[in-house]
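Novice: I have a structure here, written as structure tokens, and I will follow up with some questions on it.
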Amino acid sequence: MVNFWKDGVLSTVYPYIKKKEVLDIGCVDHDIRRRNKSRIWPHGFFKKYAKSVSGIDILDKDVNFLKKEGYDVSCQNAESFSFKSKFDVIFAGELIEHLSNPGNFLDRCHNHLKGDGYLILTTPNAFCGFRWLEMAYKYTNNPHASKAKEHTVWFSPEVIEVLLERHWFKIERLDYAYYPFLRKDTFKWKILKVLIKLTDKKFKDTMIVIARPSDKKQ
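Residue 34 is where the sequence shown starts when you use the working numbering, and the numbers rise one by one after that.
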């Protein structure tokens, strides 16, 4: 099976974070205590390859767990976080679609990025072919499907671009990744997966957005 983080996202992100000062927003893994050597965890990847990495999350128990393991993490909200220093790269993986006010989040990111820095986001693609097929064929056993209760918004490439521009970011690169969900292993579903893989990359499940801050005075 394709590893979403390793093959889909981090291979794209690596050149931007290598030997850089990184802030990882939403740094706690979904199941942080059960991670193992074979499981790719973005924050652990950054700690290995970046010059330095700090992380924030609202899950206080997991943040304290990571602190005890030696990670530089703190319990802060993505919409109101504050640091004295600025970063070369701010990464937020599968986060912005959960926020009540993504504009506040982007403003905080803009204030904490160096002038030549990068904001890197991953978020589900509203135009994902799988998502439309799930709605059509009622494959509802997937928590990341279009009805995900914890999501406040679904972004298309055009919408994420408009939002970023309103908060003084310009997209430098927009890429896509395939999230290898575990779905019902039926013949019909296998056929659907083959069809999706043959479609344009813009119909893949996840967008990888790499943006740079623009000058507010322009």
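Ideal Cβ placement from N, Cα and C applies to all residues, glycine included. Values in this document were obtained by computation on a predicted structure and should not be read as measured data.
(1) Output needed for Glu130: all residues of its chain with C-beta closer than 8 Å, excluding positions within five of it in sequence on either side, in chain order.
(2) Going by Cα to Cα distance, which pick from Trp74, Trp38 and Val86 is closest to Lys52?
(3) I need the boundaries of the alpha helix (DSSP H) containing Asp57, first residue and last residue.
(4) With a CB to CB cut of under 8 Å and the five nearest residues on each side skipped, what residues in its chain are close to Asp105?
(5) With burial defined as no fewer than 16 other Cβ atoms inside 10 Å of the residue's Cβ, what is the status of Arg206: buried or exposed?
(6) Just list the residues that DSSP pairs Ser87 with in beta bridges.
(7) Shortest alpha-carbon distance to Ser118 belongs to which of Gly148, Lys80 and Glu112?
(8) Who are Gly150's beta bridge partners in DSSP?
(9) Is there contact between the stretch 43-63 and the stretch 122-141, where contact requires at least three CB pairs shorter than 8 Å?
(10) When we look at the beta-carbon of Arg141 and count the other beta-carbons within 10 Å, is it buried (16 or more) or exposed?
Specialist: If we stick to the structure as given:
(1) Thr156, Pro157, His184, Thr185, Val186, Trp187 and Phe188
(2) Val86
(3) Unbroken run through Asp57 is the beta strand (DSSP E), Glu54 to Ile58; no alpha helix (DSSP H).
(4) Ser85, Val86, Ser87 and Gly88
(5) exposed
(6) Leu56
(7) Gly148
(8) Partner(s): none; Gly150 has no beta bridge.
(9) yes
(10) buried
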